[in-house]
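Q: Quick one: this structure, given as structure tokens, is what I'll be asking you about.
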Amino acid sequence: AVNYIVRTCLLCVLGTISHFLSLQIFGCGAVAQVTTSYDTKGQFLSINLAFAIGITFGVHIAHGISGAHLNPAVSLAFCLIGRFQWSKLPFYVLSQIIGAYLGAATVFAQYYDAIMSYGGGNLTVTGPTATAYIFATYPAAYLTTANGFVDQVVGTGALLLCLMALVDTRNSPAPKGLEPALVGTIVLVIGIAMGSNCGYAINPARDLGPRLFTYTAGWGLDVFTPWCIGTPNKNLEENRPFNPGKLTNDILLDTPKSSVKVSTVRSYSLPHHLVMYSMCL
1 AVNYIVRTCL LCVLGTISHF LSLQIFGCGA VAQVTTSYDT KGQFLSINLA
51 FAIGITFGVH IAHGISGAHL NPAVSLAFCL IGRFQWSKLP FYVLSQIIGA
101 YLGAATVFAQ YYDAIMSYGG GNLTVTGPTA TAYIFATYPA AYLTTANGFV
151 DQVVGTGALL LCLMALVDTR NSPAPKGLEP ALVGTIVLVI GIAMGSNCGY
201 AINPARDLGP RLFTYTAGWG LDVFTPWCIG TPNKNLEENR PFNPGKLTND
251 ILLDTPKSSV KVSTVRSYSL PHHLVMYSMC L
């Protein structure tokens with residue numbers, strides 16, 4: 001039993017390193033570069049390519065040892081079909097989240113000056129100079145809850161369907177050695193076809209790890225804020241959190257009604273975000 005736990009932990013360490021390199025260093029690093037350069041040093045396609053190529057090398061690093069799941073949804077799916085041991089699932093998921101957290105921390109350290117310059121010295125979740133989305137996924141301003149749910153069900157479902165096809169020996173499995181490149185291709189096509197709504201949020205660890213990092217690094221609880229309706233534009237411009245009491249006072253006491261502008265700001269809460277992934281299975 002002790003050897004089993006030690007062996008599993010060692011596999012998880014490798015999984016952590018793979019996740020650290022593949023998803024965060026390359027993927028989120030590309031988002032940071034594109035964002036802080038105001039799209040002058042890359043565009044959405046370069047972000048998709050960075051995530052896809054990063055995944056390719058992450059799978060290549062860990063494929064022969066840990067299976068290179070790199071995604072709790074994938075690990076859980078394999079458990080459900082009997083191709084992965086349930087006893088290993090908690091270790092794998094934890095390692096994936098830790099790897100994503102450490103990767104986000106590394107990107108933040110590397111791009112610290114650029115992020116602070118872009119945000120005017122503030123770390124914000126919403127507004128014209130928001131930077132939290134460099135690390136975690138957030139919905140587009142137009143997206144409804146129902147459409148966000150559909151988006152993530154379809155995206156994660158497409159990922160799992162393609163992955164299952166690659167490893168199905170009764171069908172047409174991927175040629176030996178080409179698995180990493182094909183997995184990267186899957187991620188690339190999902191990003192190109194399904195990336196505009198939520199940034200193709202198809203990996204709970206890739207979102208939760210960096211989201212926890214942004215919380216601890218200074219973005220605060222806003223990274224977990226659920227739907228917020230009626231946030232004044234003034235608060236966004238001044239990078240201040242929404243204060244219902246102050247809004248009421250502004251409306252009733254100090255501010256003419258015509259000068260109060262209201263907008264809708266959205267960010268999926270953590271429980272809702274994870275429920276979306278679990279429903280895909």
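Take the sequence shown: its letter number 126 is residue 126 in the UniProt record's numbering, and every next letter is one higher. From the three backbone atoms N, C-alpha and C, an ideal C-beta is built for every residue, glycine too. Keep in mind it's a predicted model, so treat the numbers as computed, not measured.
State yes or no: is the C-beta of C118 within less than 9 Å of the C-beta of T129?
A: Reading off the sequence shown, one finds Tyr at residue 118, where the question assumed Cys. Yes, the Cβ-Cβ distance between Y118 and T129 is below 9 Å.
Q: Can you tell me whether C228 is helix, strand or coil according to DSSP?
A: Summary for C228: the model assigns pLDDT 43, below 50, so the residue's position carries little reliability; its value from the coordinates is reported in the next sentence. It is a strand residue.
Q: For G199, which residues from the same chain have a beta carbon less than 8 Å from its beta carbon, with the 5 sequence-adjacent residues on both sides left out?
A: Y133, T137 and Y138
Q: Below 6 Å CB to CB, which residues in the same chain sit around L160 once its five sequence neighbours on both sides are set aside?
A: A77
Q: What's the call for P90, buried or exposed, on a 16-neighbour Cβ count within 10 Å?
A: exposed
Q: So, helix, strand or coil for N233, using DSSP?
A: Unreliable placement is indicated for N233, whose pLDDT of 39 sits below 50; the coordinate value is still reported in the next sentence. DSSP places N233 in helix when its eight states are reduced to three.
Q: Pick from L221, A100 and T144: whose alpha carbon is nearest that of G54?
A: A100
Q: Check H69 in the structure and name its three-state DSSP category.
A: coil
Q: Specify the secondary structure class of N171 as computed by DSSP and reduced to three states.
A: In this structure, N171 counts as coil in the three-state DSSP scheme.
Q: Work out the CA separation of R83 and Y92 for me, nearest whole Å.
A: Rounded to the nearest angstrom, the two C-alpha atoms are 14 Å apart.
Q: Assuming S58 contacts A73 under a Cβ cut-off of 8 Å, what Cβ separation, rounded to an integer in Å, is found between them?
A: It should be noted that the sequence gives Gly, not Ser, for residue 58. Contact flag wrong, Cβ pair sits at about 15 Å.
Q: What are the start and end residues of the alpha helix (DSSP H) that includes G120?
A: First-last for G120: undefined, no H or E at that position.
Q: Please confirm whether A109 and S37 have their CB atoms less than 9 Å apart.
A: no
Q: For A62, report the span of its alpha helix (DSSP H) as first-last.
A: F44 to A62 is the span of the alpha helix (DSSP H), which, as asked, contains A62.
Q: Considering just the uninterrupted stretch of the alpha helix (DSSP H) at I186, what are its terminal residues?
A: Run containing I186: E179 to M194, per the alpha helix (DSSP H) assignment.
Q: I65 to L212, Cα distance in whole Å?
A: 28 Å
Q: Is P204 helix, strand or coil by DSSP?
A: helix
Q: In whole angstroms, what is the alpha-carbon distance linking residue 282 and H60?
A: Outside the shown range of the chain, which is 1 to 281, sits residue 282, and nothing can be said about it.
Q: Check whether the Cβ atoms of N48 and L182 sit closer than 9 Å, and answer yes or no.
A: No, the pair does not count as a contact, with Cβ atoms beyond the cut-off.
Q: Within the 9 Å Cβ cut-off, does S196 reach chain B?
A: Any reference to chain B falls outside this structure, which holds one protein chain only.
Q: Please name the residue, chosen from A165, L178, N197 and D207, that lies closest to D151 on a Cα-to-Cα basis.
A: N197
Q: Locate the alpha helix (DSSP H) running through F91, then write down its first and last residues.
A: Per DSSP, F91 belongs to the alpha helix (DSSP H) from L89 to Q110.
Q: Using DSSP with H/G/I as helix, E/B as strand and the rest coil, what is P210?
A: P210 carries a helical assignment under DSSP once its states are collapsed to helix, strand and coil.
Q: Out of curiosity, what's the CA-to-CA distance linking A205 and T214?
A: If you take the alpha carbons of A205 and T214, they lie about 14 Å apart.
Q: Determine the direct distance from the alpha carbon of T144 to that of V153, and round the result to whole angstroms.
A: If you take the alpha carbons of V153 and T144, they lie about 14 Å apart.
Q: Going by beta-carbon coordinates alone, are I202 and G103 separated by less than 9 Å?
A: no
Q: Short of 8 Å in beta carbon distance, which residues of its chain neighbour I190, apart from the five on each side in sequence? Order them along the chain.
A: Once the five neighbours on either side are set aside, the close Cβ partners of I190 are G155, A158, L159, Y200 and I202.
Q: Suppose contacts are defined by Cβ-Cβ distances below 9 Å. Is L45 in contact with I192 by that definition?
A: yes
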